[in-house]
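> Chains as they are written, first to last, in the numbering used here: chain A, 1 to 288; chain B, 1001 to 1216. Quick one: structure below, then a few questions.
Have a look at this one:
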C-alpha cells in the first residue's frame, strides 16, 4: 500500500515570545493562560512580536481536554498548561464524560478573549485540537493506539462523541466572530499511526468531522495542518485549487486575503506563516 | 504432534511480529515451556527475535508506533510467562537503565518506544515517566546501579534539564559509572556533544544500537 505522505512538524518560538511578553509587557503568567482579559492582551502582543497575521488563541493544546474534565496544571510563569494526570483509563470512561459547558471554565475565557479581540478590530484565529490531541489529555494515548486496532467499533463511538464536541466548539467560536479555525492533531499523524491507521482515522473521524465543520464555521476559514491535508488526500477526499494573490505575500497574509472566499486551506504549517509565497498563489482545498 | 524447539521459537517470534493477542502469545510461551526448553532461549530467540524483526520493519517505515506497541504487548505477555523460569544468573546479567522525559515536558510516545525496544534488547529499564526533575534521574540511577541514563524531550525550553542531569551525575560522583543517551525532536548529536552526553539517537531502533555500543 502506498504510504500516506506525511509532514514533519515545525516548532514555533512560542516559549521565547511568551517570556518576552511576560518581561516587557507586564502581563502575568499563568494568569494570561486562564483569564480572558490578559489572554487577549497576550494574544495581541504575541501577534505584534511574532509578526503574525492573526491573533491566535489559545496558547496550549489542553483547553478542549480540560473542558471535558481533564486535569491540567499551569506551572509557573510561561511554561504553559500541561496535562497533570489522566482522568480515564478505558474507552468506556471517555464515553461517560459529560458534554462541555461553554458557559464556564477556561474554554469560556478563550471564547470571551476571541470576542474581545474581534471587538477591538483584530483578526482572530482559534486553534482547535483534533481527537488524538484531546484524548492525549484525558487518557494514556497508548490505550487509544491499541484500541484503534483492538476495539475499532468502540473507537468510532469515541470519535463520534468528540466530533459532536468539536462541532459545538467551532459554532461557539464562529458566534464569537473568530475569522479562522486552525485545526491540527499531531499525535494522530501518519508517522505515528502508520498508513492503515491514518487512513482509518481520516475515514472514521477527520473527513466526516470536517465535512460537517464546513457548515459550522460561519464565514470563517478552516486552516488544516498539512498532516491532516495529507491524510485526506490519501483517502481521495480533497480537490485542490490555486488562488491568485494580489501580490507576493506571506502565507499568513495570503490566508487573510482568501478568508471569506474559500473554506479550507492547508498546504503549510501555521508555524511557517512568515513564508513568502513568491509565486503569488495559495493552494486551497475543497472537500469532496 | 511434538513441535521442535525451532518451530516453537518461530511461533513466539511470529506472535510478536504479527501483533498476536496477548492470550495467544502467552499460550505460545506456555507451550514452549511445556516442552521443557529453556526460558532464556525462548526470550532471546523467540520473543526478542520477534521484536528485532519488528524493529527492522519500523526502521523501514513499514511499522509505526502503534504497531510496535502491539508487538510489545505480545512480547510482554510472553515474557510474563517465561521470566519466572529464568535462572538467577541470567537475571543478574542484565544491564540496567533509567529512562524518562525531562522536567517540564510531557511528550512521552518516543520515550515509551525507546523503553520498549531497550527492554526487548535485554535491558532492565526503570521508567520515570514524564516531567521528571533532574535529581530524580540521578537518585534513581544510584539506587538501581544503572549503567545507562536515557533522557528525552520534544521541547527546546526543557533541553537544558539534560545538561543539569549530567552535572548532577558528576556532583554525585557517578558520571563515570553511567552512559548518558539523549533524544527527542529538538535534540541533535551536536547538542549531545555540547552537554557532554555519551550519545544521541534519532529513534528507538538506533537507541538500542547506541546503548549496546556504549556498553560494549
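Ideal placement from N, C-alpha and C gives every residue a C-beta, glycine not left out. Note that the coordinates shown come from a computational prediction; the quantities given were computed from them, not determined experimentally.
Please go through the same chain and pick out, in chain order, the residues whose beta-carbon is closer than 8 Å to the beta-carbon of residue 1065(B), but skip the five residues on each side of it.
Contacts found: 1109 and 1113.
> Which class does residue 239(A) belong to by DSSP, given the choice of helix, strand or coil?
The answer is strand: DSSP assigns residue 239(A) an E or B state.
> Can you find the residues in the same chain that come closer than 8 Å, C-beta to C-beta, to residue 226(A), ignoring five residues on each side of it along the sequence?
Answer for residue 226(A): 7, 266, 267, 268 and 269, listed in chain order.
> Let me confirm a value: residue 82(A) is counted as buried when at least 16 other C-beta atoms fall within 10 Å, else exposed. Which label applies?
Buried: at least 16 other Cβ atoms inside 10 Å.
> Out of 1197(B), 1137(B) and 1030(B), state which residue places its alpha-carbon closest to the alpha-carbon of residue 1084(B).
Cα-wise, what sits closest to residue 1084(B) is 1030(B).
> Check whether the Cβ atoms of residue 281(A) and residue 256(A) sit closer than 8 Å, and answer yes or no.
No, the Cβ-Cβ distance between residue 281(A) and residue 256(A) is not below 8 Å.
> Between the Cα of residue 1061(B) and the Cα atoms of 3(A), 121(A), 43(A) and 160(A), which residue gives the shortest distance?
Answer by Cα proximity: 3(A).
> Quick check: does the Cβ of residue 162(A) come within less than 7 Å of any heavy atom belonging to the ligand FMN?
Ligands in the displayed structure: none, and consequently the ligand FMN is not present.
> Going by DSSP, name the residue or residues bridged to residue 221(A).
Paired residue(s): 180(A).
> With a cut-off of 8 Å on the beta carbons, I'd call residue 288(A) and residue 212(A) a contact; round off their distance for me.
Residue 288(A) to residue 212(A), Cβ: 15 Å. No contact.
> Out of 68(A), 235(A), 260(A) and 220(A), state which residue places its alpha-carbon closest to the alpha-carbon of residue 206(A).
Nearest option by C-alpha distance: 235(A).
> For residue 1052(B), does the count of other Cβ atoms within 10 angstroms reach 16, so buried, or fall short, so exposed?
Residue 1052(B) should be labelled buried.
> Might you give, ordered along the chain, the residues of its own chain that have their beta carbon closer than 7 Å to the beta carbon of residue 1182(B), omitting 5 neighbours on each side?
So the list reads 1151, 1162, 1192, 1197 and 1200, once near-sequence residues are dropped.
> Are the C-beta atoms of residue 1067(B) and some chain A residue less than 8 Å apart?
By this cut-off, residue 1067(B) is an interface position.
> Go ahead and pull the three-state DSSP assignment for residue 46(A).
Helix.
> Would you please verify whether the beta carbon of residue 1027(B) is less than 8 Å from any beta carbon of chain A?
Not one chain A Cβ lies under 8 Å of residue 1027(B).
> Exposed or buried, which one is residue 1103(B) when buried takes at least 16 other CB atoms within 10 Å?
Buried, because 16 or more other Cβ atoms sit within 10 Å of the Cβ of residue 1103(B).
> Please confirm if the stretch 62 to 78 of chain A is in contact with the stretch 195 to 202 of chain A, defined as three or more CB-CB distances below 8 Å between the two stretches.
The stretch 62 to 78 of chain A, when compared against the stretch 195 to 202 of chain A, does not touch it at the 8 Å Cβ threshold.
> Go ahead and pull the three-state DSSP assignment for residue 1111(B).
Here residue 1111(B) sits in helix by DSSP.
> Which same chain residues end up closer than 8 Å to residue 1129(B) when comparing Cβ atoms and leaving out the 5 residues on each side of it in sequence?
Once the five neighbours on either side are set aside, the close Cβ partners of residue 1129(B) are 1100, 1101 and 1108.
> Might you give, ordered along the chain, the residues of its own chain that have their beta carbon closer than 8 Å to the beta carbon of residue 1024(B), omitting 5 neighbours on each side?
Answer for residue 1024(B): 1015 and 1074, listed in chain order.
> How would you list, in chain order, the residues of chain A whose beta-carbon sits under 8 Å from the beta-carbon of residue 1112(B)?
Ordered by position in chain A, the residues that pass the 8 Å Cβ test against residue 1112(B) are 142.
> Pull up the distance between the alpha-carbon of residue 1008(B) and that of residue 1155(B), whole angstroms please.
Straight-line Cα distance between these residues: approximately 44 Å.
> When you compare each of 1095(B), 1171(B) and 1117(B) to residue 1205(B) by their alpha carbons, which one comes out closest?
Of the candidates 1095(B), 1171(B) and 1117(B), the one whose C-alpha sits nearest the C-alpha of residue 1205(B) is 1117(B).
> Quick one: what's got a C-beta closer than 7 Å to residue 29(A)'s C-beta in the same chain, skipping five residues either side?
18, 22, 77 and 78, listed in sequence order.
> For the beta strand (DSSP E) that contains residue 1159(B), what are its first and last residues?
No beta strand (DSSP E) holds residue 1159(B); DSSP gives it neither H nor E.
> Between which two residues does the alpha helix (DSSP H) carrying residue 270(A) extend?
Where residue 270(A) is concerned, there is no enclosing alpha helix (DSSP H), given that its DSSP letter is neither H nor E.
> Helix, strand or coil for residue 1127(B) per DSSP?
If DSSP states are grouped into helix, strand and coil, residue 1127(B) belongs with the strands.
> I think residue 176(A) touches residue 115(A), with their Cβ atoms under 8 Å apart; what is that distance to the nearest whole Å?
The Cβ separation is near 4 Å, so the contact holds.
> Taking only three categories from DSSP, how would you classify residue 1021(B)?
Three-state DSSP puts residue 1021(B) in coil, outside helix and strand.
> What are the residues in the stretch 1075 to 1107 of chain B lying within 7 Å of chain A by C-beta distance?
Residues passing the 7 Å Cβ filter: 1104 and 1106.
> Pull up the distance between the alpha-carbon of residue 262(A) and that of residue 144(A), whole angstroms please.
Between residue 262(A) and residue 144(A), the C-alpha separation is close to 34 Å.
> Could you spell out the range, first to last residue, of the beta strand (DSSP E) harbouring residue 1079(B)?
Careful: residue 1079(B) lies outside any beta strand (DSSP E), inside the alpha helix (DSSP H) at 1065 to 1082.
> Just checking my contact of residue 66(A) with residue 112(A) at CB under 8 Å: how many whole Å lie between their CB atoms?
Residue 66(A) to residue 112(A), Cβ: 16 Å. No contact.
> Do you know whose CA, among 52(A), 285(A), 42(A) and 253(A), lies nearest residue 27(A)'s CA?
The shortest C-alpha separation from residue 27(A) is found at 42(A).
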